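Numbering (my numbering), first residue to last: 5 to 288.
Cβ coordinates follow ideal geometry from the N, Cα and C atoms, glycine included.
Note that the structure is predicted; figures quoted are calculated from it, not measured.
Here is the structure we will look at.
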């Protein structure tokens, strides 16, 4: 969430604490709609590198529809509530100036304010769980330390196997409210694109990101990748597991600031992936 939006929401919460319910109730619904715009912009960050539609002028219902179209994994109950009840009964009433406080029955204003606080809380939770930049942060933060605890073998680098599975699109990310796989090219963007580095640096020290990037761009990692791919080719097994988007990642890395040794290995990795692509295209 942009810092300016966070500051404004905190000011609105202060109005709630002070009992200024009429003012609060006139402000928060419009800010909640703005939070949907932030959510839409964030969740389409990766997509907008190739498709520049931001839907900045869409009304609330259309923003939610766009979130569904781009498979943002927005909670179904949030779709139903915000698209219909919130939009028709709350947002439109406030936006068209039809809401007035009730000085004789202030309890009604307070009840409405509490409802809006819950609405905001739900959307903040969605942003913290489902926005792309939050997923990027959770993916990178503590990545190496996690696999150092999990992989005890001294014969293999602790995180190379995990990075390889990320690149072939064969690692499932499981959490209490989600089960998903990230695209290889998306993970690569998270690791090497300066835009994501800037975002990461706004919320935490970039040490984890930079260390994981160094591993990802190292000669040792790509030697490991080449060994794994050659094993797939030699055994003629498991080649269907390889997501060919990995090929696009390898080609894109040639444009990164990497040394000659790594580029030579990437060339061999590219050739191995082309062989596996041919294997995948062969009729069974």
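For residue 62, report the span of its beta strand (DSSP E) as first-last. Run containing residue 62: none; DSSP gives neither H nor E here.
What residue from 205, 182, 175 has the CA that sits closest to residue 191's CA? 175
Considering just the uninterrupted stretch of the beta strand (DSSP E) at residue 182, what are its terminal residues? 182-184
Let me know the secondary structure DSSP gives residue 177 once reduced to three states. strand
Counting only runs of 4+ residues fully inside the region 95-127, write out the alpha helix (DSSP H) ranges in chain order. 96-99
From residue 281 to residue 249, what distance separates their C-alpha atoms? 11 Å
Can you tell me which of the three DSSP states residue 29 falls into? helix
Using the beta-carbon count (16 or more within 10 Å), is residue 15 buried or exposed? exposed
Taking the alpha helix (DSSP H) that residue 189 belongs to, which residues open and close that run? 188-196
Residue range of the alpha helix (DSSP H) that residue 254 falls in? 249-257
Boundaries of the alpha helix (DSSP H) in which residue 1 is found, first to last residue: Residue 1 lies beyond the residue range present for the chain, which begins at 5 and ends at 288; the question has no answer from this structure.
My output table needs one value for residue 221: the three-state DSSP class, helix, strand or coil. coil
Three-state secondary structure (DSSP) at residue 74? coil
Pick from 201, 162, 156: whose alpha carbon is nearest that of residue 148? 162
Do the region 142-160 and the region 44-52 make contact, defined as three or more Cβ pairs closer than 8 Å? no
For the alpha helix (DSSP H) that residue 143 lies in, which residues bound it at each end? 136-144
Which residue marks the beginning of the alpha helix (DSSP H) containing residue 21, and which one marks its end? 7-21
Give every residue of the same chain whose Cβ lies closer than 8 Å to the Cβ of residue 273, excluding the five residues on either side of it in the sequence, and list them in chain order. 226, 229, 230, 233, 254
Quick one: what does DSSP say residue 80 is sitting in, helix, strand or coil? helix
Cβ atoms of residue 43 and residue 130: under 8 Å apart, would you say? yes
If you count every other CB in all the chains shown that lies within 10 Å of the CB of residue 180, and 16 or more means buried, which is it? exposed
Three-state secondary structure (DSSP) at residue 161? coil
Please check if any C-beta of chain D sits within less than 8 Å of the C-beta of residue 10. Any reference to chain D falls outside this structure, which holds one protein chain only.
Compute every distance between the C-beta of residue 94 and the non-hydrogen atoms of the ligand MN, then say whether any falls below 7 Å. By its list of ligands, the structure shown contains no ligand whatsoever, and the ligand MN lies outside what it can speak to.
If distances are taken between C-alpha atoms only, which option among 283, 65, 19, 24 comes closest to residue 239? 283
Measure from the alpha carbon of residue 37 to the alpha carbon of each residue in 26, 63, 25, 20, then state which is nearest. 63
Distance, Cα to Cα, residue 88 vs residue 8? 28 Å
Environment of residue 213 [buried if 16+ CB atoms lie within 10 Å]: buried
With burial defined as no fewer than 16 other Cβ atoms inside 10 Å of the residue's Cβ, what is the status of residue 265: buried or exposed? exposed
With the cut-off set at 8 Å, would you say residue 292 and residue 223 are in Cβ contact? As displayed, the chain neither begins before 5 nor continues past 288, which places residue 292 out of reach and without an answer.
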